[in-house]
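The sequence shown stops at residue 774 when you use the UniProt record's numbering, and every number in between is there. I have placed the structure first, in the form of structure tokens, so that the comments after it can refer back to it.
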Amino acid sequence: MSAKEVSVDYLSVGANRKTAVADWSSTGLLAFGADVNIALWRPALYPPKGIESILSGHTEAVKAVLFLPEDEKDEVSYIVSGSDDKTLLFWKSTQDRQKFEAIQTSSEHTAPVNCVTAVRVDDHPAKWIVATGAADATVKIWSFQNDQVQLLQSIKTAPKFFPLTLSMGIIDGDVLILAAAGTRETVQILTANLTSPTIDFGVQATLYGHEGWVRSLSFTKETSEKGSDLLLASASQDKYIRIWRVHQGKELPALATSGSDPLSGAFLPGKSPSNKAYRLKVAGRDFSVTFEALLLGHEDWIYSARWHTHADGKLQLLSTSADNSLAIWEADPTSGIWVSMARLGEISREKGATTATGSTGGFWTGLWSSDGNSVACLGRTGSWRRWEYDAKSDTWKPCVAVTGHTKAVTGITWSKGGGYLLSTSSDQTSRLHTKWTASSANTWHEMSRPQIHGYDLNCIDTLGGSQFVSGADEKLMRVFSKPKAVATLLSRLAGFGNENVQDMPDAANMPVLGLSNKAIDRVDDDQEIQPIDDRDRDAMDPASIVKKSYLEIEHPPFEETLSRHTLWPETEKLYGHGYEISCLAASHDGKLIASACKASSTNHAVIRLFETERWTEIRPPLVAHSLTTTRLRFSSDDNYLLSVGRDRQWAVFERNPDEAALYTLLQLNPKGHSRMILDAAWAPSQSPLFATAGRDKQVRVWSSQRSENGQIQFSQTTALPCPGSVTSVDFLPVDVHGQFILAVGTEAGKISICLVSDDGTAVTELQSPAEYEP
1 MSAKEVSVDY LSVGANRKTA VADWSSTGLL AFGADVNIAL WRPALYPPKG IESILSGHTE
61 AVKAVLFLPE DEKDEVSYIV SGSDDKTLLF WKSTQDRQKF EAIQTSSEHT APVNCVTAVR
121 VDDHPAKWIV ATGAADATVK IWSFQNDQVQ LLQSIKTAPK FFPLTLSMGI IDGDVLILAA
181 AGTRETVQIL TANLTSPTID FGVQATLYGH EGWVRSLSFT KETSEKGSDL LLASASQDKY
241 IRIWRVHQGK ELPALATSGS DPLSGAFLPG KSPSNKAYRL KVAGRDFSVT FEALLLGHED
301 WIYSARWHTH ADGKLQLLST SADNSLAIWE ADPTSGIWVS MARLGEISRE KGATTATGST
361 GGFWTGLWSS DGNSVACLGR TGSWRRWEYD AKSDTWKPCV AVTGHTKAVT GITWSKGGGY
421 LLSTSSDQTS RLHTKWTASS ANTWHEMSRP QIHGYDLNCI DTLGGSQFVS GADEKLMRVF
481 SKPKAVATLL SRLAGFGNEN VQDMPDAANM PVLGLSNKAI DRVDDDQEIQ PIDDRDRDAM
541 DPASIVKKSY LEIEHPPFEE TLSRHTLWPE TEKLYGHGYE ISCLAASHDG KLIASACKAS
601 STNHAVIRLF ETERWTEIRP PLVAHSLTTT RLRFSSDDNY LLSVGRDRQW AVFERNPDEA
661 ALYTLLQLNP KGHSRMILDA AWAPSQSPLF ATAGRDKQVR VWSSQRSENG QIQFSQTTAL
721 PCPGSVTSVD FLPVDVHGQF ILAVGTEAGK ISICLVSDDG TAVTELQSPA EYEP
């Protein structure tokens, strides 16, 4: 097996919900923070291929990602990223801009980095001037040239606020202007002279008008002509966008001289200042900042506003809001009044879309493609949505984007036939991933979100092609069955699933005040949907009613469909455990479920067995461990059940030949590892053989032998030392030329492929596929 035979086929991860977390480059690459990593995605590729690679370097959540401004002549691209780990990382592209490597790290900030902005200054010793804002209440100015970063200035915010957004521009050729805002209702304007020996920003003006924290700032040139004014858009939690004009000269622009803000008293609550001019003086030259326009239309906090200048010179502004909508604004050519030309998203159709605080829902950031014909936005689920402009119909059409878990993935399992992969996570969702075979690309996508829960989900296993069981922090397990709508979708898009759909429920949704997915009938598209009664515990959210056309689609579902219309109905609940479910396993014949919960004593560290015909528990439970069981595994023939735990023990239970549902303890090894055991797996061998993985940086292989009385006993035959704690192991379910393929995963994220001999006496590490990016 050579390195070329192992490659990454599918990457799925959700984005961090921050305004500055993503950027879309002029080369068509979109980068976004995904937990501690940066994910790279090319949205315009067709057929869509999803995330192409992951950049690892930060140790805590990434909050800010920016491509340094590029020129057509540039042969490389650069990314700047900031994180909760208080560091800045500078990344440089390699291999025709397909891959990136970290080249510089800065730890000058003393708190999480919230935002970053940059301008390109070709006629200056520094090629790029970069500004960063952090929760240490400072803005830091950097130069970046020849792959070297240098701190030029550190500015403490006064009066003190935490910068959440920055934007920088150049006016009159050599004057840098920086706008900074965050946890105050004002926008600070700082300027610096590029011609001076040192770049030294100073606060020149404080813009008043907003009545909530300012979440986003964006500078642009009004026209491409020399001496053009700059426009600054500021988006706030007060539900308004303000546009400001930066003008050169002592004379004010025409609109500012005509009087005070005509909208200030009519539309804004409370006091609002008149349109005073803010005077700036830089390098002996005069500039002014004046209020230009107030954009009204969003119904909740506005998280982001971004300018785009089209090839024909048309200027548009993209805004995203907690009201679940995205708006595209432009100035009317006749009157100059800014109007919303397009409104995308859900426009408060969903109950609860506008929250009391606006802090949990909506779209967190919006991005333009370099040609302005596509927009992408990040929603509260961590998934992306994308639209492309169709000039013929003058409409914005939705496109397939990327989705993924936003917190740790706690369990994965293949369906019994291997047709799809189920994953579950601490983000309280279960997701179904499979290959889109109906397209020419055969690419992987999330096709269903069977479970959206109110507790963190910890484990999952399939009970056949159309059923699965999951365990969560709520002390019980839930069993779900595939609905007809999802079965027909998977059949059409992925080409599998010949179940008898007649016996399936149509679809599922969840009561507004509940946790259990209820089976429902799909409704006709023209059927009127009644508003809900908040006093009814079984009331269904009208937005989650499944219409017949919703899943009759020829492409992977969009995020709004995934999150509402691909739920699976719940068919059973399994009780018995006293604490949070830690692990579960289904037998290969689907007739038994074994489960365990978090435990600190023998009383709770039992393993419970449930039969799936009547969904009853088989008593008594199996006793072996004294602390939490971390993994349960049935052997391929279901004759043995293996358990491992935090008490460093492993136990093997043997099935009763006369009563298939009964298991008895065959062997207990109280010293299986020197530290807790985190995972285990059976090899597909004739004589039983399994591997265990531990915090002691060891993978141990245990082979079976028959004693004189004919009873099987397991003993360690070999071990593989690893560079870090081993958190996961699994065998390929078929042997290869009489040997077994073992995958080993460590806490540091390294995955190794190993070869294990048929008798378990030798294990050889072949390679680390994680080192070979796609």
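Even glycine gets a Cβ: it sits at the ideal position worked out from N, Cα and C. Just so you know, these numbers come straight off a predicted model, no measurement behind them.
Should residue i be labelled buried (16 or more other beta-carbon atoms within 10 Å of its own) or exposed?
i           : result
V13         : buried
W414        : exposed
N442        : exposed
Q150        : exposed
S715        : exposed
H588        : exposed
I337        : exposed
residue 777 : This structure cannot speak to residue 777, because the chain is shown only from 1 to 774.
W128        : buried
H737        : exposed
E659        : exposed
Y303        : buried
K484        : buried
P163        : buried
residue 811 : The requested residue 811 does not occur in the structure, where the chain is confined to residues 1 to 774.
Y46         : exposed
V76         : exposed
R614        : exposed
I553        : exposed
I103        : exposed
G417        : exposed
K18         : buried
E292        : buried
Q316        : buried
G760        : buried
Locate the alpha helix (DSSP H) running through residue i, then write down its first and last residues.
i    : result
R484 : Looking at the sequence itself, residue 484 is Lys, so the reference to Arg does not match. Looking at the DSSP string, the run of the alpha helix (DSSP H) that includes K484 is 484-494.
E559 : 559-565
Which residues mark the beginning and the end of the beta strand (DSSP E) in which residue i is found?
i    : result
R279 : 278-282
R17  : Premise fails: R17 is in no beta strand (DSSP E) and is neither H nor E.
C583 : 581-586
W436 : 429-436
S704 : 698-706
E747 : Careful: E747 lies outside any beta strand (DSSP E) and carries neither H nor E.
R245 : 241-248
G411 : 409-414
D23  : 22-24
C722 : C722 -> no beta strand (DSSP E), and no H or E assigned at all.
N193 : 187-193
Could you round the C-beta distance between residue i and residue j to whole angstroms and report it? I think they count as a contact, below 8 Å.
i    : j    : result
P48  : V400 : 5 Å
Y240 : L318 : Not really, about 16 Å apart at Cβ, beyond 8 Å.
A118 : K63  : That belief does not hold up - the Cβ atoms of A118 and K63 are roughly 16 Å apart, past 8 Å.
R285 : D172 : 7 Å
A586 : V469 : 6 Å
L567 : P450 : 6 Å
W91  : L40  : Rounded, the Cβ-Cβ distance is 10 Å, inconsistent with contact.
G590 : T612 : 6 Å
P253 : D229 : 7 Å
Can residue i be considered in contact with the ligand SAM, in the sense that its beta carbon sits closer than 7 Å to one or more heavy atoms?
i    : result
F714 : Looking for the ligand SAM in the displayed structure turns up nothing, as the structure carries no ligands at all.
Counting only beta-carbon separations shorter than 8 Å, does residue i have a partner in chain B?
i    : result
S340 : Although the question refers to chain B, the structure presented lacks it and comprises just one protein chain.
- prompt: What beta strand (DSSP E) runs, 3 residues minimum, are completely inside the region 77-110?
  reply: DSSP runs (the beta strand (DSSP E)) wholly in the region 77-110: 78-83, 88-94, 99-106.
request  = Counting only runs of 3+ residues fully inside the region 120-184, write out the beta strand (DSSP E) ranges in chain order.
outcome  = 128-134, 138-145, 148-156, 163-171, 175-182
task: Enumerate, from N- to C-terminal direction, the unbroken beta strand (DSSP E) stretches of 3 or more residues contained entirely within the region 303-342.
output: 315-321, 325-331
| Within the chosen definition, does the region 596-615 reach the region 626-633 through at least 3 CB pairs nearer than 8 Å? | Yes, since at least three Cβ pairs between the region 596-615 and the region 626-633 fall closer than 8 Å, the two stretches touch.
Can you list, in chain order, the stretches of the beta strand (DSSP E) that have 3 or more residues and sit fully within the region 365-399? 374-379, 384-390, 395-399
Would you call the region 182-197 and the region 207-222 touching, i.e. three or more CB-CB distances under 8 Å? Counting Cβ pairs under 8 Å, three or more are found: they touch.
Examine the Cβ distances between the region 57-77 and the region 420-429 and report whether three or more of them are shorter than 8 Å. no
(Q) Restricting to runs no shorter than 3 residues, where is the beta strand (DSSP E) found entirely within the region 628-667? (A) 629-634, 640-645, 650-655
Would you check if there are 3 or more beta carbon pairs closer than 8 Å linking the region 453-467 to the region 548-565? no
**Asked** Is there contact here, the region 370-378 with the region 21-30, by at least three beta-carbon pairs under 8 Å?
**Response** yes
- Item | Three CB pairs or more closer than 8 Å across the region 718-733 and the region 680-692 | yes
- Message: At 3 residues or longer, what runs of the beta strand (DSSP E) sit wholly inside the region 32-58?
- Response: Uninterrupted beta strand (DSSP E) stretches at least 3 residues long and entirely within the region 32-58 occur at 37-41, 51-56, given in chain order.
| said: Taking 8 Å as the cut-off, does the region 221-231 touch the region 198-208 (at least 3 CB pairs, one atom from each stretch)? | reply: no
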